[in-house]
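Here the structure is laid out as structure tokens; the discussion comes afterwards.
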Amino acid sequence: MKSMIENKIIEIANQFIGLTEKPGNSGFYDHEGIQALTHMHPEELFRTIGWKKGYAWCMLNCEVIWKLAYAKYDSMMIPELNRLFSASVAQTEANFKRSDLFVVDDAPKEGNIAVWRSFNAKRQMQWSGHAGIVIDYAHDHIKTIDGNTNSSGGREGIEVAEKRRVLDFTERPGLVLRCFIHPKEI
0 MKSMIENKII EIANQFIGLT EKPGNSGFYD HEGIQALTHM HPEELFRTIG WKKGYAWCML
60 NCEVIWKLAY AKYDSMMIPE LNRLFSASVA QTEANFKRSD LFVVDDAPKE GNIAVWRSFN
120 AKRQMQWSGH AGIVIDYAHD HIKTIDGNTN SSGGREGIEV AEKRRVLDFT ERPGLVLRCF
180 IHPKEI
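If you're matching positions, the sequence shown starts at 0 in numbering that gives the first Met the number 0 and goes up one per residue.
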């Protein structure tokens with residue numbers, strides 16, 4: 000059974016579906032769901048959490064969703080989230096792993112942040128990666144809502160979309176699932 004915070008995270012993540020970025024990571028087009036939720040233009044909203052032109056924004060999308068969810072129930076958590084989140088997937092993963100407040104493991108659950116890291120041809124982990132909000136899972140796959148992705152399967156991340164991905168931690172060249180960051184219960 001999902002907790003209140005997990006339900007709120009998923010509810011908010013669904014409202015972000017369809018957000019589209021302008022070419023070259025230069026900003027965002029208007030989005031009715033985000034406007035209704037926050038009374039802000041998406042670009043203005045993302046700037047409040049540190050987004051700048053040219054930034055990859057998959058983890059920033061997770062950050063803004065979690066912050067909006069926690070603001071509904073436990074706004075005292077926002078300073079801690081400010082400390083833990085970064086535009087960098089690698090830095091955010093490391094920060095949450097060091098935190099005593101949050102569980103980071105390999106067990107998916109709704110509302111989690113799924114973290115992938117890039118591996119090179121020698122199977123060495125790189126600094127880059129990807130992140131998305133888990134909305135459903137089974138024994139062999141997860142469904143996520145990802146920012147900076149492509150619903151048509153292309154490599155260029157241009158939107159927030161729902162994705163279905165294999166639940167596989169095998170280190171190989173490309174993006175590899177590393178962990179799940181669980182929201183703290185309220």
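Glycine included, each C-beta is placed from N, C-alpha and C at the ideal position.
- Contact between the segment 71-90 and the segment 40-57 is present, with at least three C-beta pairs closer than 8 Å.
- For E42, the enclosing alpha helix (DSSP H) covers residues 41-46.
- The continuous alpha helix (DSSP H) containing A89 extends over residues 88-97.
- In the displayed model, I112 falls within a strand according to three-state DSSP.
- Taken through DSSP and simplified to helix, strand or coil, K183 comes out as coil.
- Inter-residue distance for S25 and G53 is about 6 Å (C-alpha atoms, whole angstroms).
- Counting along the chain, no alpha helix (DSSP H) covers G152, and no H or E run does either.
- Counting along the chain, the unbroken alpha helix (DSSP H) around E10 starts and ends at 3-15.
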